[in-house]
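Top to bottom, those sequences are chains S and Z. The letter at position 22 of the first sequence is residue 25 when you use the numbering used here, and the numbering goes up by one with no holes. The letter at position 42 of the second sequence is residue 45 when you use the numbering used here, and the numbering goes up by one with no holes. Each residue gets a CB set at the ideal place from its N, CA and C atoms; glycine is no exception. What follows is one structure encoded as structure tokens, with my remarks underneath.
Number of protein chains: 2
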Amino acid sequence: MQPFIVKLRLKDMGLTKTEGFTKTQVALAGYSKALGHPARIAILQFLATQKGCICGDIVNELPLSQSTVSQHLKELKNVGLIKGNVEGPSVCYCIDEKNWQLVKNSLNDLFKNFDPKNCC
Amino acid sequence: MQPFIVKLRLKDMGLTKTEGFTKTQVALAGYSKALGHPARIAILQFLATQKGCICGDIVNELPLSQSTVSQHLKELKNVGLIKGNVEGPSVCYCIDEKNWQLVKNSLNDLFKNFDPKNCC
DNA sequence: TGTAGCCATCGCAATATTACGATTAATTAA
DNA sequence: TTAATTAATCGTAATATTGCGATGGCTACA
Chain S
4 MQPFIVKLRL KDMGLTKTEG FTKTQVALAG YSKALGHPAR IAILQFLATQ
54 KGCICGDIVN ELPLSQSTVS QHLKELKNVG LIKGNVEGPS VCYCIDEKNW
104 QLVKNSLNDL FKNFDPKNCC
Chain Z
4 MQPFIVKLRL KDMGLTKTEG FTKTQVALAG YSKALGHPAR IAILQFLATQ
54 KGCICGDIVN ELPLSQSTVS QHLKELKNVG LIKGNVEGPS VCYCIDEKNW
104 QLVKNSLNDL FKNFDPKNCC
């Protein structure tokens with residue numbers, strides 16, 4: 004008779020494993036992931052260059068539906084890169100300066116500590 | 004009798020839409036996406052700080068299986084951040100300096116052109 | 001009190017990502 | 001030649017992401 008064999012760690016499949024990585028690594032990956040879509044890059048560029056701060060004009064700027072844009076905005080808000088203020092009937096989004104600097108510095112750290120050593 | 008109604012743009016579902024975005028935006032998003040996983044951040048940090056260049060020791064460094072690590076390495080190779088040289092029975096991976104600088108500069112560009120204007 | 005506009009959320013569908021074990025291809029060592 | 005080692009790839013499973021239309025909750029204005 005065959006023994007019962009349980010092989011899987013189901014909870015680890017398809018899901019990003021964060022155990023075994025440093026907090027810094029997980030954080031940096033999270034920020035990068037948020038930047039990992041053209042629409043979200045476009046939104047940030049738009050907000051960064053705009054004089055006043057912008058509401059749902061973002062939707063008009065992007066080749067995506069309102070609901071999709073809303074989702075992207077949510078993701079950027081979740082990692083703290085932007086924040087939204089309700090302004091009458093509409094919502095005003097802008098870059099969260101503090102976190103913006105934080106992400107900037109984190110990425111800087113990643114890229115700075117590499118000095119080329121002729122290998123390969 | 005009801006008309007036939009075709010509603011969908013199937014090819015646009017679940018797939019990142021790149022039409023309507025600039026080349027720069029798509030590229031930057033691609034790089035960021037590659038950075039969007041703790042394992043890949045860890046790999047890059049490891050390669051950046053290692054004196055000699057490393058092969059499959061990366062697998063031992065990470066809390067992931069060999070095949071999974073191989074997949075992550077592949078993704079980093081696809082965006083050009085690392086390159087691998089066959090070295091006898093094993094493979095030597097290291098950072099691709101040229102693209103490393105390119106990605107660094109691209110991200111720098113994104114973050115630099117924002118000067119805080121008290122909004123919201 | 002409607003009613004119109006803005007935007008978040010829900011529900012769905014299609015695809016992508018993550019992870020693993022098993023297998024395969026290539027190279028070195030015996 | 002054979003066996004062992006290394007690393008890529010295949011196949012599979014679970015979950016995440018992306019996208020849309022439809023719905024619903026607000027606020028402002030008539």
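Span of the beta strand (DSSP E) around residue i
i: I85 of chain S; result: 85–90
CB contact below 8 angstroms: residue i versus chain Z
i: K14 of chain S; result: With a pLDDT of 45 at K14 of chain S, under the threshold of 50, the modelled position of that residue is not reliable, and no figure is offered here.
i: K107 of chain S; result: yes
i: Q48 of chain S; result: yes
i: Q28 of chain S; result: yes
i: L38 of chain S; result: yes
i: F7 of chain S; result: Confidence at F7 of chain S is low in this model, with a pLDDT of 38, below 50, so the placement of that residue should be treated as unreliable; the coordinate-derived value is given next. It does not; no Cβ of chain Z falls within 8 angstroms.
i: I61 of chain S; result: no
i: N102 of chain S; result: no
i: M4 of chain S; result: At M4 of chain S, the pLDDT of 34 sits below 50, so the modelled position is not reliable and the matter cannot be decided from this model.
CB contact check: residue i to chain S, cutoff 8 angstroms
i: K120 of chain Z; result: yes
i: L11 of chain Z; result: With a pLDDT of only 39 at L11 of chain Z, under 50, the local geometry of the prediction cannot be trusted, and the value read off the model is given with reservation. No - not a single Cβ of chain S is within 8 angstroms of the one on L11 of chain Z.
i: G17 of chain Z; result: Because the pLDDT at G17 of chain Z is just 49, under 50, the model does not fix this residue reliably, and the value given afterwards should be weighed accordingly. Not closer than 8 angstroms to any Cβ of chain S, the Cβ of G17 of chain Z fails to qualify, so no.
i: P92 of chain Z; result: no
i: G23 of chain Z; result: yes
i: C56 of chain Z; result: yes
i: N81 of chain Z; result: no
i: K77 of chain Z; result: no
i: N88 of chain Z; result: yes
i: L31 of chain Z; result: yes
i: S73 of chain Z; result: no
i: S68 of chain Z; result: no
i: L84 of chain Z; result: no
Residue range of the unbroken alpha helix (DSSP H) whose run includes residue i
i: I98 of chain Z; result: First-last for I98 of chain Z: 93–98, but that is the beta strand (DSSP E), not the alpha helix (DSSP H).
i: L76 of chain S; result: 69–81
i: N63 of chain Z; result: 60–64
i: F49 of chain S; result: 41–52
i: G23 of chain S; result: Premise fails: G23 of chain S is in no alpha helix (DSSP H) and is neither H nor E.
Residue(s) in a DSSP beta bridge with residue i
i: I57 of chain S; result: S:Y96
Presumed contact (8 angstroms Cβ cut-off) between residue i and residue j, rounded CB distance
i: R43 of chain S; j: E78 of chain S; result: 7 angstroms
i: S35 of chain S; j: S35 of chain Z; result: 5 angstroms
i: I98 of chain S; j: F117 of chain Z; result: 6 angstroms
i: L67 of chain S; j: L110 of chain Z; result: That pair is no contact at about 23 angstroms.
i: L76 of chain S; j: I46 of chain S; result: 7 angstroms
i: C122 of chain Z; j: G55 of chain S; result: 6 angstroms
i: A32 of chain S; j: G39 of chain Z; result: 6 angstroms
Tell me whether the segment 59–67 of chain S and the segment 99–107 of chain S touch, counting them as touching only if at least three CB pairs, one residue from each stretch, are closer than 8 angstroms. no
Are there three or more Cβ pairs, one per stretch, closer than 8 angstroms when the segment 84–100 of chain S is compared with the segment 88–99 of chain Z? no
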